[in-house]
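Engineer:
There are 2 protein chains.
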Amino acid sequence: MDAAGAAVDVDSGGAVAAVAVVGSGSIGVAWATVFAGAGRAVRIFEIDPARRAVVPAEVEAILDGLEAAGVLEGSASQARARITVWSTLAEAVEGVDYVQECIGEDVEVKRRMFADLDRLTGPDVVLASSSSTIEASRFAAGLDGRERCLVVHPGNPPFFLRVAEVVPAPFTSERSIRVASELLQSCGIAPILINAEIEGFVFNRLQGALLREAYCLVRDGVVSPVDLDTIVREGLGLRWSVIGPFATSELNTRGGLRRHAEVLGPVYARMGLERGADDPWSPETVERVAARIEEALPYDSWDENVRVRDAAMMELLAVRRGAANPLGAGGHVAGA
Amino acid sequence: MDAAGAAVDVDSGGAVAAVAVVGSGSIGVAWATVFAGAGRAVRIFEIDPARRAVVPAEVEAILDGLEAAGVLEGSASQARARITVWSTLAEAVEGVDYVQECIGEDVEVKRRMFADLDRLTGPDVVLASSSSTIEASRFAAGLDGRERCLVVHPGNPPFFLRVAEVVPAPFTSERSIRVASELLQSCGIAPILINAEIEGFVFNRLQGALLREAYCLVRDGVVSPVDLDTIVREGLGLRWSVIGPFATSELNTRGGLRRHAEVLGPVYARMGLERGADDPWSPETVERVAARIEEALPYDSWDENVRVRDAAMMELLAVRRGAANPLGAGGHVAGA
Numbered sequence: 001m002d003a004a005g006a007a008v009d010v011d012s013g014g015a016v017a018a019v020a021v022v023g024s025g026s027i028g029v030a031w032a033t034v035f036a037g038a039g040r041a042v043r044i045f046e047i048d049p050a051r052r053a054v055v056p057a058e059v060e061a062i063l064d065g066l067e068a069a070g071v072l073e074g075s076a077s078q079a080r081a082r083i084t085v086w087s088t089l090a091e092a093v094e095g096v097d098y099v100q101e102c103i104g105e106d107v108e109v110k111r112r113m114f115a116d117l118d119r120l121t122g123p124d125v126v127l128a129s130s131s132s133t134i135e136a137s138r139f140a141a142g143l144d145g146r147e148r149c150l151v152v153h154p155g156n157p158p159f160f161l162r163v164a165e166v167v168p169a170p171f172t173s174e175r176s177i178r179v180a181s182e183l184l185q186s187c188g189i190a191p192i193l194i195n196a197e198i199e200g201f202v203f204n205r206l207q208g209a210l211l212r213e214a215y216c217l218v219r220d221g222v223v224s225p226v227d228l229d230t231i232v233r234e235g236l237g238l239r240w241s242v243i244g245p246f247a248t249s250e251l252n253t254r255g256g257l258r259r260h261a262e263v264l265g266p267v268y269a270r271m272g273l274e275r276g277a278d279d280p281w282s283p284e285t286v287e288r289v290a291a292r293i294e295e296a297l298p299y300d301s302w303d304e305n306v307r308v309r310d311a312a313m314m315e316l317l318a319v320r321r322g323a324a325n326p327l328g329a330g331g332h333v334a335g336a
Numbered sequence: 001m002d003a004a005g006a007a008v009d010v011d012s013g014g015a016v017a018a019v020a021v022v023g024s025g026s027i028g029v030a031w032a033t034v035f036a037g038a039g040r041a042v043r044i045f046e047i048d049p050a051r052r053a054v055v056p057a058e059v060e061a062i063l064d065g066l067e068a069a070g071v072l073e074g075s076a077s078q079a080r081a082r083i084t085v086w087s088t089l090a091e092a093v094e095g096v097d098y099v100q101e102c103i104g105e106d107v108e109v110k111r112r113m114f115a116d117l118d119r120l121t122g123p124d125v126v127l128a129s130s131s132s133t134i135e136a137s138r139f140a141a142g143l144d145g146r147e148r149c150l151v152v153h154p155g156n157p158p159f160f161l162r163v164a165e166v167v168p169a170p171f172t173s174e175r176s177i178r179v180a181s182e183l184l185q186s187c188g189i190a191p192i193l194i195n196a197e198i199e200g201f202v203f204n205r206l207q208g209a210l211l212r213e214a215y216c217l218v219r220d221g222v223v224s225p226v227d228l229d230t231i232v233r234e235g236l237g238l239r240w241s242v243i244g245p246f247a248t249s250e251l252n253t254r255g256g257l258r259r260h261a262e263v264l265g266p267v268y269a270r271m272g273l274e275r276g277a278d279d280p281w282s283p284e285t286v287e288r289v290a291a292r293i294e295e296a297l298p299y300d301s302w303d304e305n306v307r308v309r310d311a312a313m314m315e316l317l318a319v320r321r322g323a324a325n326p327l328g329a330g331g332h333v334a335g336a
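In the order they appear, the protein sequences are chains F and E. Taking my numbering, the leading residue of the first sequence gets 1, the next gets one more, and so forth. Taking my numbering, the leading residue of the second sequence gets 1, the next gets one more, and so forth.
(1) Where does S129 (chain E) fall in DSSP's three states?
(2) Do you know how far the Cα of D279 (chain E) is from the Cα of E73 (chain E)?
(3) Based on the DSSP secondary-structure assignment, which residues constitute the bridge partners of C149 (chain F)?
(4) Might you give, ordered along the chain, the residues of its own chain that have their beta carbon closer than 8 Å to the beta carbon of D262 (chain F), omitting 5 neighbours on each side?
(5) Distance, Cα to Cα, L211 (chain F) vs P245 (chain E)?
(6) Can you tell me where the alpha helix (DSSP H) with I231 (chain F) in it begins and where it stops?
(7) Taking the continuous alpha helix (DSSP H) assigned at Y268 (chain E), which residues delimit it?
(8) If the cut is a Cβ gap below 7 Å, which residues of chain F does T285 (chain E) touch?
(9) If we call anything under 8 Å between Cβ atoms a contact, is R162 (chain F) one with I189 (chain F)?
(10) DSSP state of P157 (chain F), grouped into three classes?
(11) Could you tell me which residues DSSP puts in a beta bridge with A164 (chain F)?
(12) Exposed or buried, what is G28 (chain F) when buried is set at 16 or more other beta-carbons lying within 10 Å of its beta-carbon?
(13) Can you tell me whether T84 (chain F) is buried or exposed? The criterion is at least 16 other CB atoms within 10 Å of its CB, across all chains shown.
(14) Over the uninterrupted alpha helix (DSSP H) stretch that includes V286 (chain F), give me the two end residues.
(15) For the structure I just gave you, are there three or more beta carbon pairs, one from the segment 40-55 of chain E and one from the segment 313-321 of chain F, closer than 8 Å?
(16) Closest to F139 (chain F) by C-alpha separation, out of F:F45, F:F160, F:T172 and F:T121, would be which residue?
(17) DSSP three-state call for V22 (chain E): helix, strand or coil?
(18) Compute the Euclidean distance between the alpha carbons of S249 (chain E) and R205 (chain E), then round it to the nearest angstrom.
(19) Where S186 (chain F) and V202 (chain F) are concerned, what is the direct C-alpha to C-alpha distance, given to the nearest angstrom?
(20) Return no unless some Cβ of chain E is closer than 8 Å to the Cβ of D278 (chain F).
(21) Among E:V286, E:L264 and E:I44, which residue has its Cα nearest to the Cα of G95 (chain E)?
(22) So which residues on chain F does Y268 (chain E) lean against when the C-beta distance must stay under 7 Å?
(23) Can you tell me whether A277 (chain E) is buried or exposed, with buried defined as 16 or more other CB within 10 angstroms of its CB?
(24) Report yes if the C-beta distance between V232 (chain F) and P225 (chain F) is below 8 Å; otherwise report no.
(25) V163 (chain E) versus chain F: which residues are under 7 Å apart at the beta carbon?
(26) Since I believe W240 (chain E) is in contact with P154 (chain E) (beta carbons under 8 Å), could you give me their beta-carbon distance rounded to a whole number of angstroms?
(27) Is there contact between the segment 97-113 of chain F and the segment 68-82 of chain F, where contact requires at least three CB pairs shorter than 8 Å?
(28) Would you mind sorting P158 (chain E) into buried or exposed? The rule is 16 or more other CB atoms within 10 Å of its CB.
(29) Report the three-state DSSP secondary structure of I62 (chain E) (helix, strand or coil).
(30) Rounded to whole angstroms, how far is the Cβ of D64 (chain E) from the Cβ of A50 (chain E), which I believe are closer than 8 Å?
(31) Do L150 (chain E) and S176 (chain E) have their CB atoms nearer than 8 Å?
(32) Quick one: what's got a C-beta closer than 8 Å to A164 (chain F)'s C-beta in the same chain, skipping five residues either side?
(33) Which word fits A296 (chain F), buried or exposed, when buried means at least 16 other C-beta atoms lie within 10 angstroms of its C-beta?
(34) Taking the continuous beta strand (DSSP E) assigned at E101 (chain E), which residues delimit it?
(35) Output, in sequence order along the chain, the residues in the segment 290-313 of chain F whose CB is closer than 9 Å to any CB in chain E.
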């Protein structure tokens with residue numbers, strides 16, 4: 001299912017009026033600003049009194065930043081007023097329609113937490129984990145209400161990365177997937193359905209592939225860590241913020257993605273083999289990718305598509321111009 | 001060498017007044033706009049009369065776009081006036097200080113071209129190839145003037161991606177590396193020194209690692225190609241356009257990059273093993289990366305660094321807001 005394909009339904013995330021956020025680390029706090037910014041009542045559960053004391057200031061700083069950036073509907077103070085912090089789980093989940101769990105990546109801790117959530121909430125309340133590495137099958141399989149459990153894994157921080165992975169277990173109901181997806185969508189976050197409970201899901205699989213290669217390149221003395229970050233930030237990442245990797249391949253070469261795979265597939269396959277990976281791109285997979293990408297970017301309009309890409313990149317160049325990037329140490333140059 | 005570390009010297013790229021661009025495909029045309037936009041006389045060599053006929057219009061379209069985006073010093077028409085198109089190589093290289101070759105990825109063709117360039121140009125003229133896959137050792141080793149040959153591999157398109165890989169062969173002189181690096185820098189492009197002639201260099205190694213994983217995930221039915229592009233465009237790529245992958249790891253977790261490697265290293269190693277790669281991150285490599293990244297992002301200021309990251313992301317959110325992205329088909333949602 002593509003993000004744009006979700007059907008609207010009355011029994012949906014649009015009907016989620018109140019959300020509980022369980023745990024107030026950086027991800028929990030960020031989720032709270034996303035939900036509250038989109039008009040939901042947000043009840044944060046935090047057991048640690050020291051954390052409870054600082055959460056309001058952290059929430060405020062993010063909401064003020066979002067307001068200053070002009071990306072908040074309504075004011076920061078309105079959004080802040082929708083967020084409350086609670087010291088018991090029972091209080092936090094009272095009256096909510098949806099729970100977003102944001103505690104540590106420990107399967108036993110999650111198992112106990114979801115057992116508590118299953119006990120404390122009604123049968124229509126959807127229970128989502130922010131886990132990036134632990135599948136719902138591993139912490140919710142034994143629960144009576146397991147059909148309402150799934151993973152909803154955000155990028156970090158979720159108020160910036162407007163995409164989240166929706167990863168159901170085999171036992172997760174269609175309704176739970178729909179409620180979660182539509183809630184996300186109504187908060188301006190693209191829900192991406194992941195069709196298998198594969199470790200690391202998709203976001204971290206892709207990140208991990210790049211990071212593993214990055215560590216190999218530094219280990220072998222090919223490039224410095226700071227220079228590698230610069231290549232990604234000013235090169236790959238900048239391009240991928242406009243156009244995804246498959247669409248990049250489609251517009252790389254006259255002949256489109258099939259031609260790209262023909263020319264560069266063997267080169268990339270050799271690089272993979274050097275690292276031990278033997279997964280050449282089969283003609284079937286290339287065809288499948290090309291057919292789907294060319295629905296969005298018809299090959300008949302290849303020249304026009306390149307012009308549109310270039311125009312989008314120039315628009316981004318224009319808005320980035322002059323924007324300070326204090327994280328760019330080591331990579332910025334005089335004329336840039 | 002980090003980009004910021006290049007020394008300024010009178011015998012440098014700042015002294016490059018005229019550049020020849022050999023070949024007028026999309027990369028050649030884009031390089032021409034970069035050099036001309038930075039005040040250099042640019043002489044394009046193109047053997048095909050049909051291409052020669054359309055090059056001026058392509059150059060004009062890019063320069064007009066850059067001027068409209070407000071990222072050009074001076075006007076598009078001033079830059080355009082610096083570019084001439086020639087039908088013989090001898091004419092194109094007349095009086096230039098630097099050659100940027102942009103012909104097809106064929107080692108024999110490049111070998112002949114560099115032999116011609118070596119014959120036609122004086123001993124101080126630096127000869128750079130835009131090759132993304134063929135090392136200078138493979139096409140220039142036999143030349144008298146091999147010390148002035150190297151690869152300068154741009155991102156695509158180079159008027160947008162302000163970073164290029166500078167890849168010397170063992171026989172390339174320090175002067176040639178310096179001239180190329182300083183020319184790039186004076187054009188607003190960060191030169192990244194690559195310390196080994198590894199196939200694919202660094203940009204395409206990193207891209208290839210992500211693309212290989214992407215094809216595996218589509219092959220296995222985990223995610224659709226369009227959804228995968230959305231995860232990268234709205235997630236990984238957007239983040240990496242602000243903060244590189246190592247700096248991301250540093251700020252991911254309290255404890256910094258060492259803690260990130262401790263917690264997620266084994267997870268990423270397992271994902272790699274599933275694909276056949278057995279390259280766990282050694283403590284020595286992690287230490288080397290952490291030490292260099294924490295020079296730019298001192299761990300003592302971790303909380304402040306996270307705030308700076310968030311502020312940079314919010315600034316980008318603000319400027320992207322409302323910017324149409326016609327390549328975002330399938331990924332954009334109502335509230336985004």
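Using N, Cα and C, we set each Cβ at its ideal position, and we do this for glycine too. Bear in mind that the values here come from a model prediction, so they are computed numbers and not experimental data.
Structural biologist: With the structure as the only source:
(1) In the structure shown, S129 (chain E) sits in a strand (DSSP, three-state: E or B).
(2) In this structure, the straight-line span from the alpha carbon of E73 (chain E) to that of D279 (chain E) is close to 46 Å.
(3) Per DSSP, F:L127.
(4) Contrary to the premise, residue 262 (chain F) reads as Glu rather than Asp in this sequence. These residues qualify, in order along the chain: G255.
(5) Taking the CA atoms as reference points, L211 (chain F) sits about 7 Å from P245 (chain E).
(6) That run of the alpha helix (DSSP H) goes P225 to I231.
(7) Run containing Y268 (chain E): G256 to E274, per the alpha helix (DSSP H) assignment.
(8) Those are Y215, V218 and R219, listed as they occur along chain F.
(9) A distance below 8 Å separates the beta carbons of R162 (chain F) and I189 (chain F).
(10) The answer is coil: DSSP assigns P157 (chain F) none of H, G, I, E or B.
(11) F:P154 and F:P191.
(12) So G28 (chain F) counts as buried.
(13) Its Cβ having fewer than 16 others within 10 Å, T84 (chain F) is exposed.
(14) In the DSSP assignment, V286 (chain F) falls within the alpha helix (DSSP H) that extends over P283 to A296.
(15) Because the criterion of three Cβ pairs below 8 Å is not met, the segment 40-55 of chain E and the segment 313-321 of chain F do not touch.
(16) Of F:F45, F:F160, F:T172 and F:T121, the smallest CA-CA separation from F139 (chain F) is found for F:T172.
(17) In the structure shown, V22 (chain E) sits in a strand (DSSP, three-state: E or B).
(18) For S249 (chain E) and R205 (chain E), the distance between alpha carbons rounds to 19 Å.
(19) Whole-angstrom Cα-Cα distance: 22 Å.
(20) Taking a beta-carbon distance threshold of 8 Å, D278 (chain F) counts as an interface residue toward chain E.
(21) When each option's Cα is compared against that of G95 (chain E), the closest is E:I44.
(22) By Cβ distance, chain F contributes G208, L211 and R212.
(23) So A277 (chain E) counts as buried.
(24) With contacts defined as CB atoms closer than 8 Å, V232 (chain F) and P225 (chain F) fail to qualify as a contacting pair.
(25) Near V163 (chain E) (Cβ distances below 7 Å), the residues of chain F are T230, I231, E234 and G235.
(26) Contact annotation, P154 (chain E) with W240 (chain E): C-beta distance approximately 18 Å; criterion of less than 8 Å not satisfied.
(27) These segments do not touch.
(28) Result: buried.
(29) Reduced to three states, the DSSP call for I62 (chain E) is helix.
(30) At roughly 22 Å, the Cβ-Cβ gap does not stay under 8 Å, so D64 (chain E) and A50 (chain E) are not in contact.
(31) In terms of Cβ geometry, L150 (chain E) and S176 (chain E) form a close pair [threshold 8 Å].
(32) The residues V152, H153, P154, G155, P158, L184, I189, A190, P191 and I192, in chain order, have a CB closer than 8 Å to that of A164 (chain F) in the same chain once the five nearest residues on each side in sequence are set aside.
(33) Buried, by the Cβ-count rule.
(34) Here the beta strand (DSSP E) through E101 (chain E) covers Y98 to E101.
(35) Under the 9 Å Cβ criterion, the segment 290-313 of chain F contributes A290, A291, R292, I293, E295, A296, L297, N305, V306, R307, V308, R309, D310, A311, A312 and M313.
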